[in-house]
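Numbering (the working numbering), first residue to last: 158 to 276.
All residues carry an ideal CB built from backbone N, CA and C; glycine is no exception.
None of the values given here were measured: they were computed from a predicted structure.
To start, the structure itself, in structure tokens.
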């Protein structure tokens, strides 16, 4: 941003483009930081509940994908035992996630455009 001086509004089209790009870069950095903090916070919350069944996750996105930890979390939160697929193939993982999503729907948790293969 050679032609842009902080604190002054852009005076020409080139400066305006530079200003807009700098603004977008700052927004992206804050979004990335917010996402990282939310992921860390939610991971801690999940582990706070999963510890009750002697389970732990390290990576929120990876460790919920097979549906087992997701089902365990729902069981701890609800006190209801849910069925689960025992296999490790993609079909079994998708089926476990679908079991969790169906349970949430039965409990009238509104899920908008979320499918098992989205998780």
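In terms of alpha-carbon separation, which member of the options lies closest to residue i?
i, options, result
"residue 252", "263, 188, 234, 274", "274"
"residue 229", "219, 246, 211", "211"
"residue 259", "247, 245, 224", "224"
"residue 264", "232, 219, 250", "232"
"residue 236", "209, 248, 214", "209"
"residue 226", "246, 257, 179", "257"
"residue 246", "222, 187, 202, 215", "222"
"residue 218", "197, 187, 238, 185", "197"
Counting only beta-carbon separations shorter than 8 angstroms, does residue i have a partner in chain D?
i, result
"residue 234", "The displayed structure is made up of one protein chain only, and chain D is not part of it."
Would you report the Cα separation of residue i and residue j, rounded to the nearest angstrom?
i, j, result
"residue 220", "residue 269", "22 angstroms"
"residue 204", "residue 271", "23 angstroms"
"residue 200", "residue 250", "20 angstroms"
"residue 261", "residue 241", "15 angstroms"
"residue 244", "residue 178", "48 angstroms"
"residue 266", "residue 216", "24 angstroms"
request  = Check whether the segment 188–207 touches the segment 169–178, counting contact only when three or more Cβ pairs, one atom from each stretch, lie closer than 8 angstroms.
outcome  = no
ask   = What runs of the alpha helix (DSSP H), each 4 residues or longer, lie entirely inside the segment 186–250?
value = 217–220, 225–235
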